[in-house]
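Asker: If you scroll down you'll find the structure; I have some questions about it.
Protein chains in written order, with the UniProt record's numbering: chain A, 1 to 307; chain B, 1 to 409; chain C, 1 to 380.
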């Protein structure tokens, strides 16, 4: 790196760190919902990406409404969109659990297939409803552009927003899991379903709420996603393989594991991208993760769960 | 197989003979019987053609415009009385964004339906998959997309630009206009961007005397360009030359804007953004950047004004028309001209007659088919405006298509 | 004689196999034109994968979402051989380096990469088609099954492998043909594979190989291995405590499924005339699982019918209602899993066969019921 001043190198270092952090936020937002579902029920929701897409489309609809009908709302629609995205995906998740997932708890591999099918149907519904073209939300003015603490450092504002949302959602999940009655029930169910049942916990209701909550978080992820990329019927499926790996790599039933694994995968991919070409960076990151998983199949942070 | 498949038109001919004898089928065309004996789905009143694009799957986004343009052209031709007095009937098949499906449907169109021509395909991969089918079954394909070149076939008319037509003149212009010496090449990871950048690199290094300071590829669908943007900041190239496609495009331009890389700070030229893409990206995110294409919706000439109006009337006021959509629109017209020149629907005759066909009514202006079945066309550089339309800032002379460029391979 | 019949799954299974053989080798070729027959041949190549999945998923309890990788191995090996033959120095004289595949020339590769050299020889190619997937499956299996990775974990990891394989193939286009794949395959040892006569021959070859694979599958299931497989899927720990090495059994079926898939891939490249990374990825891999599930995850022959019917539906639906096709596919995933976990084979066993059996002989009914209850127990 000859020919650059130390100031320039520091600036690049900061911005590169930030770019890794943005990717980390995307991974974590997607993985959070998946992780709590997988942790508690051992179910992998293949339609998770489509819940994200739904959240993104809801955000887009709110933004369209805001720009066309109520122009005064244009600057403030985003928080409303996040809430609606959460609500919409939460309700859909609730219904899906009731109609589909519940019947398949004893067969986790079959859930995989059924949710994949659900994902296909949702994709086609989006395509018929919103058209095959990608749509893009109109961003409020205050979200565009960047924050420049020095002359050469530019921190994108939308990245900061995504980070804020990620922190908020993570905090919410932590509080719910460790500071609420529902959290106690979830943890009890995770550790020993039969005993939890015996202790009078309605595990079925806990499951349903967990699943719906996981989907709701995916919806929020979708809302956040609209600020950095576009929305199309297949948007959600783009990151889905990476997200599964994040969850599995983190270790089932470990929230900390999910955070650490999302951070590790995002930063290493981002750093490798800086030194190599994008495709190779991705291949090397994924291969490393798969390699480590082969030697440590329980993931980074395995909780001691009786199976 | 060949024999058995030809029995169907024979059966149709008998029926038609009956119609003719009662005077109903009389179309006033001399030598009608001769035209009908090509083994194709041609009767005295109608001729069948195929449209083969993805209506479902990830490519549906891009191919919809082409389907609309081809249908519009065919409807217009029918309204003018058809081809050799025959109305064109469309058999549409869905390639489903899946290359083997394209091959399967192409076979169906040629072997079962005996269509006289097929308008279709979009990605290089789908064209590569159907090419052997068209060559073996002797069909005629009109392919609309700008592509990487390195191909030439008797059975294909390429109505988009091959790589050298799109790249060289654009690079020449930007090098002169911006006094550019250093270039950063980025693209999605597949054959078209890689081949295009190869040609661009050769031209930059050997002809323009510049240097390529970076060349990078990201997987299709990638939406995280933070590291790439940082590298560009570090290398400070005079020009970023982009061939990122599809969904990645939106993320790429949005993130550039968010990172504070705007047109007044960085010159970016792209060969993969048309009006279609800008719709998704948002004009405000593209403002000031350049695209090198042969056609822009904003072109100011009589043909184009009529075309844009007709297109909007047929497919809605919201429609936008990109480079490929226009190229797709040329397909049926070029086929009509070739058939009329040959006086027959026969594939060999049409293929032979195609060379030197001229179209003065093309929205892009004047086009002419070269012996190598590509089109002579102009290159235009458009600068994007906030409203999602491009302002044409440069227009070249007609460029000869050269799919196998010497010294660029 | 009876010993042999028993070794291949018993009289009933063999009769079903015979019926399938008659359908594929006699009835369909007589009724379909060569275009449809070629399509059918293409679908049958997926049946190889589905049959492999019956063994490793249905019986072994290992769900692999990366079978496309094995299909791709077979397909690419065969395509590489055919491509080299199509790229003789005479055919490629206009290239800057004659004698190498055209896409290499476009990518400035000036000599044949080492990886391609073995594919000059057909016998070596065939050996590689059979051994490379077996070896790869062995490596994955040895790493994972020995550490008792299974279930959802295994599914996710194999899916990730499929995703990596696609990115690699697309990225290394100078060596692999990139996203376009390896196209324009022409001859096999000088014999043109494109005309209709060749399509017929390749179709029959494909059928015969499929029947051989089915026989091997039935042989394995009827052997001691098969009993262990079923026992293991239901009570893995008990089998382990009985002193068997569970991992080895899993590795074996996984490798066998991989080899079957690779044979399918090789036949695909021969019949369709090209190979592309879209047959390696995650989407196609999971579609293969649904072929197997529709046919019945516990029925080898059912898997063949499953692959045929789903693809037939796909072709017909996408010709008339392109939008509906994807919804139908999604509904199929959900419906089969929720309502018919035993697939077509289950419907046949429950509704069709009892009636047939009543017509012909009473003996076999009792025997079948015994069979079925084992299967049902295994499921629950």
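Cβ atoms here follow ideal geometry from the backbone N, Cα and C, with glycine treated the same way.
Tell me the rounded alpha-carbon separation between residue 262 of chain A and residue 286 of chain A.
Answerer: Between residue 262 of chain A and residue 286 of chain A, the C-alpha separation is close to 12 Å.
Asker: Residue ranges of each alpha helix (DSSP H) run of no fewer than 4 residues wholly in the segment 152-223 of chain B, ordered along the chain?
Answerer: 163-177, 191-202, all fully within the segment 152-223 of chain B.
Asker: Is the segment 392-406 of chain B touching the segment 14-27 of chain C, taking contact as three or more C-beta pairs under 8 Å?
Answerer: Output reads no: the segment 14-27 of chain C does not touch the segment 392-406 of chain B.
Asker: What residue range does the beta strand (DSSP E) around residue 297 of chain B cover?
Answerer: Unbroken run through residue 297 of chain B: none, as it is neither H nor E.
Asker: Check distances from the C-beta atoms of the segment 36-68 of chain C to those of chain B and list, in chain order, the residues that come in under 7 Å.
Answerer: Here the close residues are 39.
Asker: Does residue 147 of chain C have its Cβ less than 8 Å from a Cβ in chain A?
Answerer: At least one chain A Cβ lies under 8 Å of residue 147 of chain C.
Asker: Using the beta-carbon count (16 or more within 10 Å), is residue 2 of chain C buried or exposed?
Answerer: Exposed, because fewer than 16 other Cβ atoms sit within 10 Å of the Cβ of residue 2 of chain C.
Asker: At the 8 Å Cβ level, is residue 257 of chain A part of the contact set with chain B, yes or no?
Answerer: It does not: the Cβ of residue 257 of chain A has no partner Cβ on chain B nearer than 8 Å.
Asker: Considering only the alpha carbon of each residue, which of B:170, B:175, B:181 lies closest to residue 196 of chain B?
Answerer: Comparing Cα positions, the closest option is B:170.
Asker: Would you call the CB atoms of residue 202 of chain B and residue 351 of chain B closer than 8 Å?
Answerer: No, the Cβ-Cβ distance between residue 202 of chain B and residue 351 of chain B is not below 8 Å.
Asker: Could you have a look at residue 357 of chain B and say whether DSSP puts it in helix, strand or coil?
Answerer: Coil.
Asker: What residue ranges within the segment 147-223 of chain A form continuous beta strand (DSSP E) runs of no fewer than 3 residues, ordered along the chain?
Answerer: With a minimum length of 3 residues, no continuous beta strand (DSSP E) run stays inside the segment 147-223 of chain A.
Asker: Three or more C-beta pairs under 8 Å: does that hold for the segment 86-102 of chain A against the segment 141-156 of chain A?
Answerer: Cβ pair count under 8 Å is below three, so no.
Asker: Reducing DSSP to helix, strand and coil, say where residue 85 of chain C ends up.
Answerer: In the structure shown, residue 85 of chain C sits in a helix (DSSP, three-state: H, G or I).
Asker: Please report the distance separating the alpha-carbon of residue 205 of chain C from that of residue 193 of chain C.
Answerer: Using only the alpha carbons, I get a separation of about 13 Å.
Asker: Flag this pair as yes or no: are the beta carbons of residue 293 of chain A and residue 248 of chain A separated by less than 8 Å?
Answerer: A contact, by the Cβ cut-off of 8 Å.
Asker: Does the beta carbon of residue 42 of chain A sit closer than 8 Å to a beta carbon anywhere in chain C?
Answerer: So, interface residue.
Asker: In three-state terms, what does DSSP make of residue 99 of chain B?
Answerer: In this structure, residue 99 of chain B counts as helix in the three-state DSSP scheme.
Asker: Is DSSP giving residue 122 of chain B helix, strand or coil here?
Answerer: DSSP places residue 122 of chain B in coil when its eight states are reduced to three.
Asker: In angstroms with no decimal places, state the Cα-to-Cα distance between residue 155 of chain C and residue 116 of chain B.
Answerer: Roughly 47 Å separates the two Cα atoms.
Asker: For residue 22 of chain B and residue 342 of chain B, what's the separation of their Cα atoms in angstroms?
Answerer: With a pLDDT of only 38 at residue 22 of chain B, under 50, the local geometry of the prediction cannot be trusted, and no value is derived from it.
Asker: Below 8 Å between beta carbons: does that hold for residue 220 of chain B and residue 188 of chain B?
Answerer: Contact flag set, yes.
Asker: Report the three-state DSSP secondary structure of residue 94 of chain B (helix, strand or coil).
Answerer: Three-state DSSP puts residue 94 of chain B in a strand.
Asker: Does the CB of residue 106 of chain C have a neighbour CB from chain B at under 8 Å?
Answerer: Output row for residue 106 of chain C: interface = yes.
Asker: When we look at the beta-carbon of residue 120 of chain C and count the other beta-carbons within 10 Å, is it buried (16 or more) or exposed?
Answerer: Exposed, because fewer than 16 other Cβ atoms sit within 10 Å of the Cβ of residue 120 of chain C.
Asker: When Cβ atoms are compared, which residues of the segment 151-165 of chain A fall closer than 9 Å to chain C?
Answerer: Correct list: empty, as no residue qualifies.
Asker: Compare the beta carbon distance of residue 292 of chain B and residue 381 of chain B with 8 Å and say whether it is the shorter of the two.
Answerer: In this structure, residue 381 of chain B lies closer than 8 Å to residue 292 of chain B by Cβ.
Asker: Could you tell me which uninterrupted alpha helix (DSSP H) segments, each at least 4 residues in length, are contained entirely in the segment 276-301 of chain A, listed from first to last along the chain?
Answerer: With a minimum length of 4 residues, the continuous alpha helix (DSSP H) runs that stay inside the segment 276-301 of chain A are 278-295.
Asker: Give the range of the alpha helix (DSSP H) segment to which residue 48 of chain A is assigned.
Answerer: From DSSP, the alpha helix (DSSP H) with residue 48 of chain A extends over 48-68.
Asker: For residue 267 of chain C, does the count of other Cβ atoms within 10 angstroms reach 16, so buried, or fall short, so exposed?
Answerer: Under this definition residue 267 of chain C is a buried residue.
Asker: Can you name the residues of chain C whose CB is closer than 8 Å to the CB of residue 103 of chain A?
Answerer: Per Cβ cutoff of 8 Å: 338.
Asker: Given the structure, does residue 139 of chain B come close to the ligand PLP, in the sense that its CB is under 7 Å from one of the ligand's heavy atoms?
Answerer: For the ligand PLP, the structure offers nothing, since it holds no ligand at all.
Asker: Quick check on residue 138 of chain A: does DSSP put it in helix, strand or coil?
Answerer: If DSSP states are grouped into helix, strand and coil, residue 138 of chain A belongs with coil.
Asker: Using the beta-carbon of each residue, which ones in chain C are nearer than 7 Å to residue 128 of chain A?
Answerer: Those are 323, listed as they occur along chain C.
Asker: Starting from residue 261 of chain C and walking both ways along the alpha helix (DSSP H), at which residues does that stretch end?
Answerer: Here the alpha helix (DSSP H) through residue 261 of chain C covers 246-272.
Asker: Rounded to a whole number of angstroms, what is the C-alpha to C-alpha distance between residue 323 of chain C and residue 317 of chain C?
Answerer: Distance between the alpha carbons of residue 323 of chain C and residue 317 of chain C is about 9 Å.
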